[in-house]
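K.L.:
So the protein lines, in turn, are chains A and B. When we follow the numbering used here, the leftmost residue of the first sequence carries the number 397, and every step to the right adds one. When we follow the numbering used here, the leftmost residue of the second sequence carries the number 397, and every step to the right adds one. Ideal Cβ placement from N, Cα and C applies to all residues, glycine included. Note that this is a predicted model, so its numbers are computed, not measured. Below is the structure I would like to discuss, written out as structure tokens.
There are 2 protein chains.
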Amino acid sequence: MAMTMRSITAVVRPFVVGVVFAFAILPAVATDDPLPSWNAGATKQAIVDFVMRVTTEGGPDFVAVPERVAVFDNDGTLWAEQPAYFQLLFALDRVKALAPEHPEWQTQEPFASLLKGDVKAALAGGEHAIGEIIAATHTGMTTDAFAAVVHDWITTAKHPTKDRLFTQMTYQPMHELLAYLRQNGFKTFIVSGGGIDFMRVFSEGTYAVPPEQVVGSSGKLKFETEDGQPVLIKEPALDFIDDGPGKPVGIQMHIGRKPIAAFGNSDGDLQMLQYTCIPSGTHFCMFVHHTDAVREWAYDRDSHIGKLDKGLDEAAARGWTVMDMKTDWGTIFPPE
Amino acid sequence: MAMTMRSITAVVRPFVVGVVFAFAILPAVATDDPLPSWNAGATKQAIVDFVMRVTTEGGPDFVAVPERVAVFDNDGTLWAEQPAYFQLLFALDRVKALAPEHPEWQTQEPFASLLKGDVKAALAGGEHAIGEIIAATHTGMTTDAFAAVVHDWITTAKHPTKDRLFTQMTYQPMHELLAYLRQNGFKTFIVSGGGIDFMRVFSEGTYAVPPEQVVGSSGKLKFETEDGQPVLIKEPALDFIDDGPGKPVGIQMHIGRKPIAAFGNSDGDLQMLQYTCIPSGTHFCMFVHHTDAVREWAYDRDSHIGKLDKGLDEAAARGWTVMDMKTDWGTIFPPE
């Protein structure tokens, strides 16, 4: 729900023509390397060093297991976010699917333009138009009904240029990193601007992150009884935006302690990294830098989606790790 | 923060003269009984049967480990709540402690009456007065500063009639139940009307429930930078009341799946039990019934605090378990 003016422009731009990269799938081999998709180099070494330090009992940087909290942004950090946030693509698909039940949409903006295939005109209404689309596709139903709709979409819809399921648009190196941290006593959380009820449908199956470890944007919920059954209705009022300064707030609300590791990719993650890595203590902060226009996408300071500008400057000033996708990742996406 | 008119009357009533019960502390003995403080009987049997059923692989009621979510109310369920919610006693103590910094309180209600020892007059202002007290004692500081204040109080303050630390006003049988469920693959959550930032200070040490598994009432938070350090300021605006119909909402917001076991003691827990036990499937719901005026307190349908009225009727109609403190618990409080 953290769709802003920045994302609108991203959507109306002609969809980036993605080059489907037929990457070689290496046979599974026994290896001591917990991060086989990460190329050797300073980034990989920094991650391994950090994990060694916090897990070395008696060492100066040892961190007790309950305090080993790691937080991950989702869009652009765990899965791709081009040519538009995937949750917005879901919403647009839902408008088309729901149109037969809403004959009034044929003449009512932003739906009329959307149904004619004119996304640019539909989103000309800015945040109000986005709000209308989110309300029409994400609210007015029970949480269970919404989860079923998301499940149907996430298991069938394909990325517009890569022709892959969206769960296959996740990053193989980040899957390995999540698993590596968990093997070392970390509890891994997603802290994303995406909708909490949207992400929870696939977070456990895709990332092995259970619903209770997902923090996201949310709308108001209302408890009701329908046909004798207690249900929660998703109401059309925004409750919380888990982006920018909202991320440390979401972390406190849901986790209740400071993370010791934070991973993001945009300025919307900057406060989360500040909250994690400015206080004294052992910690690790990393930005995923999208530098690979061939295998994925390349964008940063001037991007309308996933803009990384202040974050790059602050990372340089504070010595945070900036991962370079082109050189640091041997593989981008998991095998199909 | 879920202080309502009901609780006000409870506070202004003369504090119940508690009989300090010098219970026998049994020596620790090796036993196969996971619930030694629970007397043999239908309640204990129902709990053990439920755990056996959900953990029997291949059985009709088997529940996979990730779905074994159990939720517990705190006030009156995990620890006592008489003669007033302990968090309100904390707030009253804080008013006294902060008075030297607030000379204006000598003439400003509700503080003036409180400082004269006249709790009844102080709370005559109803919810507005309570709100003033909560705002003065729970907000306008960082989350870290608040946690430090709660820590100081919870490790030193004594219950007004039982003369015990409040963490020793917890129920020994519930400690055993929490541990028993966890040993059987359950994830245990606190879902309480109490303040989330208040409970998290002692939830891990007292109940072995980590901060990220505590759901409670909360105020708004604001991210700021103070002297170069990122902090979260507790603002004087209420954000969420985790009571009554708010409990299923809090469960969805924080946990994201339906519990299969719910434990409460008052009508404020009714919707949480409905949400857990009305849908089809394997589940267990229990009310703690305060029936022991000698060792603890006895109250239910007419109580101004922890009122259990509709809940008793619905439990009878639906076959939920109603635990009887006087007969079901061999021990109430843990050894000092």
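(1) Taking C-alpha atoms, which residue in I656/A, D705/A and N435/A lies nearest to G677/A?
(2) With the cut-off set at 7 Å, would you say C681/B and W716/B are in Cβ contact?
(3) Terminal residues of the continuous beta strand (DSSP E) containing M448/B?
(4) Using the rule of at least 16 other Cβ atoms within 10 Å of the residue's Cβ for burial, across every protein chain shown, is G522/B buried or exposed?
(5) Closest to N661/A by CA distance: which of N470/A, A543/A and T672/A is it?
(6) Give me the DSSP bridge partner(s) of V718/B.
(7) So, is D638/A buried or exposed, given that buried needs 16 or more other C-beta atoms within 10 angstroms?
(8) Which residue or residues does DSSP assign as beta-bridge partners of I586/B?
(9) Give me the Cα-Cα distance between K643/B and D429/A, rounded to the nearest whole angstrom.
(10) With the cut-off set at 7 Å, would you say A466/B and L561/B are in Cβ contact?
(11) Following the continuous beta strand (DSSP E) through I629/B, name the residue where it begins and the one where it ends.
(12) Kindly indicate which three-state DSSP category L422/B falls into: helix, strand or coil?
(13) Would you say Q478/B reaches chain A, if we count a Cβ-Cβ gap shorter than 7 Å as a contact?
(14) Alpha carbon to alpha carbon, how far is V627/B from G664/A?
(15) If you measure beta-carbon to beta-carbon, which residues of the region 651-662 of chain B are closer than 7 Å to chain A?
(16) Is the beta carbon of E608/B less than 7 Å from the beta carbon of I651/A?
(17) Alpha carbon to alpha carbon, what distance is there between F598/B and L510/B?
(18) By DSSP, does L617/B sit in helix, in strand, or in coil?
(19) Within the chosen definition, does the region 551-567 of chain A reach the region 473-486 of chain A through at least 3 CB pairs nearer than 8 Å?
(20) Relative to the C-alpha of I586/B, which candidate in P496/B, P606/B, G640/B and M537/B has its C-alpha closest?
(21) Please say whether P499/A and E528/A have beta carbons closer to each other than 7 Å?
(22) Could you please tell me which residues of the region 516-549 of chain A, in chain order, have their CB closer than 7 Å to any CB of chain B?
(23) Which residue wins for smallest C-alpha separation from M570/A, given the options E732/A, S433/A, T672/A and H700/A?
(24) Measure from the C-beta of Q667/B to each C-beta in chain A and report whether the shortest distance is under 7 Å.
(25) Using a Cβ-Cβ cut-off of less than 7 Å, give me the residues of the region 623-642 of chain B that come near chain A, in sequence order.
(26) What does the alpha-carbon distance come out to for the pair P423/B and F729/A?
(27) With DSSP as the reference, identify every bridge partner of K554/A, one or two as the case may be.
(28) Do you know offhand how far A476/B's Cα is from R449/A's?
(29) Are there 16 or more other CB atoms within 10 angstroms of the CB of E732/A, so buried, or fewer, so exposed?
(30) From the DSSP output, in three-state form, read off F507/B for me.
(31) Taking C-alpha atoms, which residue in A689/A, A658/A, Y695/A and P496/A lies nearest to I674/A?
(32) Using a C-beta cutoff of 7 Å, does Y603/B count as contacting chain A?
(33) According to DSSP, simplified to helix, strand and coil, what is M537/B?
(34) Can you check whether the C-beta of T473/B is within less than 7 Å of a C-beta belonging to chain A?
(35) For E572/A, which residues from the same chain have a beta carbon less than 8 Å from its beta carbon, with the 5 sequence-adjacent residues on both sides left out?
(36) Run the proximity test for H679/A: is its beta-carbon closer than 6 Å to any non-hydrogen atom belonging to the ligand MG?
P.N.:
By the coordinates alone:
(1) I656/A
(2) Against a cut-off of 7 Å, the Cβ pair of W716/B and C681/B comes out as a contact.
(3) It is not in any beta strand (DSSP E) - M448/B instead sits in the alpha helix (DSSP H) that spans A438 to T451.
(4) exposed
(5) Check the Cα spacing between N661/A and each of N470/A, A543/A and T672/A: the tightest is with N470/A.
(6) F683/B, per the DSSP bridge assignment.
(7) D638/A is classed as buried because its beta carbon has at least 16 other beta carbons within 10 Å across all chains shown.
(8) F468/B and V610/B
(9) 45 Å
(10) no
(11) Q625 to F636
(12) At L422/B the pLDDT is 45, less than 50, meaning the model places this residue with poor confidence and gives no usable figure here.
(13) no
(14) 17 Å
(15) I651, G652 and R653
(16) yes
(17) 27 Å
(18) strand
(19) yes
(20) The candidate whose alpha carbon is nearest that of I586/B is P606/B.
(21) no
(22) Against chain B - using a Cβ distance shorter than 7 Å - the residues of the region 516-549 of chain A are T539.
(23) Residue S433/A is the option with its Cα nearest to M570/A.
(24) yes
(25) Q625, P626, L628 and P641
(26) Low confidence applies to P423/B: its pLDDT is 45, below 50, so where it sits in the model is not reliable, and the reading given next is rough at best. C-alpha separation (whole angstroms): 58 Å.
(27) For K554/A, the pairing in a beta bridge is given by DSSP as L561/A.
(28) 42 Å
(29) exposed
(30) Helix, per DSSP.
(31) Among A689/A, A658/A, Y695/A and P496/A, the Cα nearest to that of I674/A belongs to A658/A.
(32) For Y603/B, the closest Cβ of chain A is not nearer than 7 Å.
(33) M537/B falls in the coil class under three-state DSSP.
(34) With its beta carbon at least 7 Å from every one in chain A, T473/B lies outside the interface.
(35) P430, L431, P432, S433 and W434
(36) Of the ligands one can find in the structure shown there are none, so the ligand MG has no counterpart to examine.
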